[in-house]
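When the letters of the sequence shown are read in order and numbered with this note's numbering, they come out as residues 81 to 166.
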Amino acid sequence: MTPTTPTTFADLVNYIIDFIDILIPALFGVLFLYLIWKMFDSWVINAGEETKREEGKKYATAAVIVFVLMISAWGIVIMIQQTFLR
């Protein structure tokens, strides 16, 4: 399957939207894996060190905030996309 080159502005916009539709879940996945690794590193591997446990708590808090912001932003983009582009 060879990718087609967009020939109109609408095709270009759809191409970009399709790319973003793939990119956003990939970013969610990478962020989730990073969070899991940092918590595992802080709470399991270095469980005896108080500074590492505190660092793990900071990562968990920051990750929850970032997830909420990402989901909110994605929802806003979807609302705009459905309102104006489709």
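Even glycine gets a Cβ: it sits at the ideal position worked out from N, Cα and C.
Please read all numbers here as calculations on a predicted model, not as lab measurements.
Residue i versus residue j - alpha carbon distance
{"i": "Thr-88", "j": "Ala-106", "result": "28 Å"}
{"i": "Thr-84", "j": "Tyr-95", "result": "9 Å"}
{"i": "Val-93", "j": "Gly-128", "result": "52 Å"}
{"i": "Ile-97", "j": "Ile-145", "result": "25 Å"}
{"i": "Trp-117", "j": "Val-110", "result": "11 Å"}
{"i": "Trp-154", "j": "Pro-86", "result": "25 Å"}
{"i": "Arg-133", "j": "Phe-147", "result": "21 Å"}
{"i": "Gln-161", "j": "Thr-141", "result": "30 Å"}
{"i": "Ile-156", "j": "Asp-91", "result": "22 Å"}
Beta-carbon proximity of residue i to residue j, cut-off 8 Å
{"i": "Leu-103", "j": "Ala-143", "result": "no"}
{"i": "Ser-122", "j": "Tyr-139", "result": "yes"}
{"i": "Met-119", "j": "Gly-136", "result": "yes"}
{"i": "Ala-150", "j": "Phe-108", "result": "Before going further, note that residue 150 is Met rather than Ala in the sequence given. Yes."}
Residue i Cβ short of 7 Å to the ligand FMN heavy atom set
{"i": "Ala-153", "result": "For the structure depicted, the ligand FMN is absent and the ligand set is empty, with no information on it obtainable."}
Checklist line | Uninterrupted alpha helix (DSSP H) stretches inside the stretch 103 to 145 (no shorter than 4 residues) | finding: none
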